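See below for the structure under consideration.
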Amino acid sequence: QKEVEQDPGPLSVPEGAIVSLNCTYSNSAFQYFMWYRQYSRKGPELLMYTYSSGNKEDGRFTAQVDKSSKYISLFIRDSQPSDSATYLCAMTRGTSYDKVIFGPGTSLSVIP
Amino acid sequence: GAVVSQHPSWVICKSGTSVKIECRSLDFQATTMFWYRQFPKQSLMLMATSNEGSKATYEQGVEKDKFLINHASLTLSTLTVTSAHPEDSSFYICSARRDRGYNEQFFGPGTRLTVL
Chain A
1 QKEVEQDPGP LSVPEGAIVS LNCTYSNSAF QYFMWYRQYS RKGPELLMYT
51 YSSGNKEDGR FTAQVDKSSK YISLFIRDSQ PSDSATYLCA MTRGTSYDKV
101 IFGPGTSLSV IP
Chain B
1001 GAVVSQHPSW VICKSGTSVK IECRSLDFQA TTMFWYRQFP KQSLMLMATS
1051 NEGSKATYEQ GVEKDKFLIN HASLTLSTLT VTSAHPEDSS FYICSARRDR
1101 GYNEQFFGPG TRLTVL
């Protein structure tokens, strides 16, 4: 079983839809969770950063962490064509030199 | 804040030559920098972790002598692909982490290497 799993998609939605992106993980020691957006041929861009369980909202983006289920989500409201990208979840235990483990990414297309 | 640059953004070289890629944190000091490789439509593959002033830690299967990493200062890390071959053609991305206690990584824009 991989440490972090993510549906690779592709996921295609109409403009204005609510998008739900999800990751599951196996290591209960993970405490810090991140979502990155990567456009084609570009480096990933940090979107959201959360610690432990709970929700965090930033504009149209909401990150949810459910540590009891080892499940994290990213919701995008009022999706725009410019949201079309690959979304990577990432997580770490948080010790000083601990590696960040990335999911394989979900490809999202928002159709005008 | 938290901007990371990479240079060059793309490079084409002949087989057998060496290529150096620079990664700079522009507005923060990065105690740790990471180098990733990414093939088309695939996720990031961590190659090595470098801490300022010490030797890089390479992931299993990554050749240390082929991919030389130098983290010379708190704002600069370099990756040198030595004696490059066509199979080394890929998208190389660096990321930087601020101080200990910070977990977010900030990525550079990537360097596309094509070896002919």
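These protein sequence lines map, in sequence, to chains A and B. So the first sequence is numbered by my numbering: it starts at 1 and just counts up by one. So the second sequence is numbered by my numbering: it starts at 1001 and just counts up by one. Cβ coordinates follow ideal geometry from the N, Cα and C atoms, glycine included. Predicted, not measured: the structure shown is a model, and the values here were computed from it.
Residue i, buried or exposed, once every other Cβ within 10 Å from all chains shown has been counted against 16
i, result
"B:Ile1021", "buried"
"B:Trp1010", "exposed"
"B:Gly965", "This structure leaves residue 965 of chain B out entirely; chain B is present only between 1001 and 1116."
"B:Ala1072", "exposed"
"B:Thr1078", "buried"
"B:Met1116", "Looking at the sequence itself, residue 1116 of chain B is Leu, so the reference to Met does not match. With fewer than 16 other Cβ atoms within 10 Å, it is exposed."
"A:Asn27", "exposed"
"A:Ser84", "buried"
C-beta contact flag for residue i and residue j at 8 Å
i, j, result
"B:Leu1046", "B:Glu1059", "yes"
"A:Thr86", "A:Leu21", "no"
"A:Ser53", "A:Lys70", "no"
"B:Val1019", "B:Gly1108", "no"
"A:Gly103", "A:Tyr32", "no"
"B:Val1057", "B:Leu1068", "Note that residue 1057 of chain B is Thr in the sequence shown here, rather than Val. Not a contact, by the Cβ cut-off of 8 Å."
"B:Thr1049", "B:Lys1066", "no"
Neighbourhood of residue i by C-beta distance below 7 Å, restricted to the same chain and skipping five residues each side
i, result
"B:Asp1099", "Thr1031"
"B:Gln1042", "none"
"B:Phe1039", "Ser1090"
8 Å Cβ shell around residue i - same chain, five flanking residues per side excluded
i, result
"A:Pro44", "Tyr36, Arg37, Gln38, Leu88"
"A:Asp58", "Leu47, Met48"
Own chain partners of residue i with C-beta closer than 6 Å, once the 5 adjacent residues on each side are dropped
i, result
"B:Leu1076", "Arg1024"
"B:Ala1096", "Val1004, Ser1025, Ala1030, Met1033, Phe1106"
"A:Met34", "Tyr49, Ala90"
Residue-chain proximity (residue i, chain C), Cβ-Cβ < 8 Å
i, result
"A:Gly94", "Given the protein chain composition of this structure (A and B), no chain C is represented."
Sheet register partners of residue i (DSSP bridge)
i, result
"A:Phe33", "A:Thr50, A:Met91"
"A:Leu108", "A:Leu11, A:Ala85"
(request) Decide if the region 8-21 of chain A is in contact with the region 72-92 of chain A; the criterion is three or more beta carbon pairs, one per stretch, under 8 Å apart. (result) Contact between the region 8-21 of chain A and the region 72-92 of chain A is present, with at least three C-beta pairs closer than 8 Å.
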